[in-house]
């Protein structure tokens, strides 16, 4: 995905923070901060905001929350902030939600948010997924009531919680992060909504999030059946060994599927190490997210580490093998919402290094994960990823392909080349 180069001055947070402070000093907003103008819950909010600055995977895991809010507030305008690079995925307004680009380092994105908020007279209700610091942004954009995940037992968190009106507790038993986010929309956790009927738990089906419009990629993908191998991840500790990728690619080619290599920005070297001869088509960080969606939509199979592309695959509905290592699938797997998608987790059931039970700086007693950086890992290569054998992935791939051959045949017979319909 291409990124626009910005100057260091434009990348500074100072301008955005100054504008945020000026917004908070506006009389109505300042009084609400002092609790002199606190509003009562609105049972029928007209404008709802979900402010955050989450990474790609967590942003896509908000889908159950968006679906639940649309079920509960069918007439409301729902806005969410997203990183500007993720906007292409929202260009057809999934669940009727409007995405607004926001980068806390770029003052112009905050100015655009303020303009959009002022045009509508602020927001009746805001939901904060993840870090409660974004309650400050919600107040600056005129949110009259803020619901957030409980943060009151964490040290040095008082100022963030002071800005919130109601809190939803974290689960005390294992639960997928997507369902944790969706708890924000469940009235059972808010006393003032105890009498409101709870919306049904949504289940995702292909098409609920419409495929985004985009330009055709260059070069075009193979016109014959192919499998996408997405090699990159946010941390090198989630990289699968090169020789195992090669073994998997060779086996898929033997099955009649063309391996297509994909990486994120600044990961071009991964594709070169796995296929130095250039035998396979490759997109080394050259596709935006909407183009990558359509590349996956036409694929027979996706194999990838636990990264944002794995969660994009759940929305697309492509049969997916996801390699989990630093965390298990109980947190980042399909969960209830994506239970009907062909998403198969692979990896060790547990690992000794999963001893950091933290999520958005909260401690969850049931969580087993590792958040270490490469410099903190005592092994030259992550042992957790090395524990996933190529033979295990190949066997799972053959099984998943066999289970989904009817779907795949129907896809290729009815839509042999979706890229011809790009706009």
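Numbering (the numbering used here), first residue to last: 128 to 550.
From the three backbone atoms N, C-alpha and C, an ideal C-beta is built for every residue, glycine too.
By the Cβ test, the stretch 338–345 is in contact with the stretch 208–228, since at least three Cβ pairs between them sit closer than 8 Å.
Taking 9 Å as the cut-off, the beta carbon of residue 445 is found closer than this to the beta carbon of residue 423. Residue 169 sits exposed, since fewer than 16 C-beta atoms from the chains shown fall within 10 Å of its C-beta. The stretch 351–404 is shown to contain whole beta strand (DSSP E) runs of 3 or more residues at 353–357, 385–390, in chain order.
The distance from the Cβ of residue 425 to that of residue 412 is about 19 Å, inconsistent with a contact at the 8 Å cut-off. By the Cβ criterion, the stretch 185–200 is in contact with the stretch 305–317, since at least three pairs of Cβ atoms, one from each stretch, lie closer than 8 Å. Going by beta carbons, residue 174 and residue 250 fall inside the 9 Å limit. Around residue 517, the same chain offers 371, 374, 375 as residues with beta carbons nearer than 7 Å, after the five sequence neighbours per side are excluded. In terms of Cα proximity to residue 443, the closest of 428, 451, 257 is 428. A direct Cα-Cα distance of roughly 21 Å separates residue 220 from residue 248. With a 10 Å radius around the Cβ and a threshold of 16 neighbouring Cβ atoms, residue 171 comes out exposed. The Cβ-Cβ distance between residue 491 and residue 519 does not fall below 9 Å. The beta carbon of residue 187 sits closer than 8 Å to those of 216, 435, 438, 439, 441, 442, all from its chain and outside the five residues before and after it, given in chain order. If the five residues before and after residue 409 are omitted, its C-beta is found closer than 6 Å to the C-beta atoms of 388, 398, all from its own chain and listed in chain order. A contact between stretches requires three or more CB pairs, one per stretch, nearer than 8 Å, and the stretch 259–267 meets this requirement with the stretch 288–304. In the DSSP assignment, residue 432 falls within the beta strand (DSSP E) that extends over 428–432.
Rounded to whole angstroms, the separation of the alpha carbons of residue 430 and residue 384 is 13 Å.
Residue 410 is bridged by DSSP to 389.
Note that the C-beta distance between residue 222 and residue 240 is not below 9 Å. In this structure, 231 is the residue among 452, 231, 198 with its C-alpha nearest to the C-alpha of residue 210. Between residue 227 and residue 243, the gap from beta carbon to beta carbon is short of 9 Å. Per the DSSP secondary-structure output, residue 228 pairs in a beta bridge with 209. Taking the Cα of residue 450 as reference, the smallest distance to any Cα among 275, 466, 356 is reached at 356.
The DSSP-derived three-state label of residue 241 is helix. The beta carbon of residue 225 sits closer than 6 Å to those of 206, all from its chain and outside the five residues before and after it, given in chain order. For residue 332, the number of other beta carbons within 10 angstroms of its own is below 16, and it is reported as exposed. A distance below 9 Å separates the beta carbons of residue 464 and residue 306. Per DSSP, reduced to three states, the secondary structure at residue 496 is strand.
Looking at the backbone, the Cα of residue 354 and that of residue 348 are separated by about 11 Å. Distance between residue 406 and residue 391, taken at the CA atoms: about 20 Å. In the three-state DSSP reduction, residue 300 falls in the coil class, being neither helix nor strand. A residue is called buried once 16 or more other Cβ atoms fall within 10 Å of its Cβ, and residue 433 is buried on that count.
Close CB contacts of residue 484 within its chain, under the 6 Å cut and outside five residues either way in sequence, are with 490, 491, 494 (chain order). The DSSP-derived three-state label of residue 489 is strand.
Linking residue 278 to residue 298 through their CA atoms gives a straight-line distance of about 13 Å.
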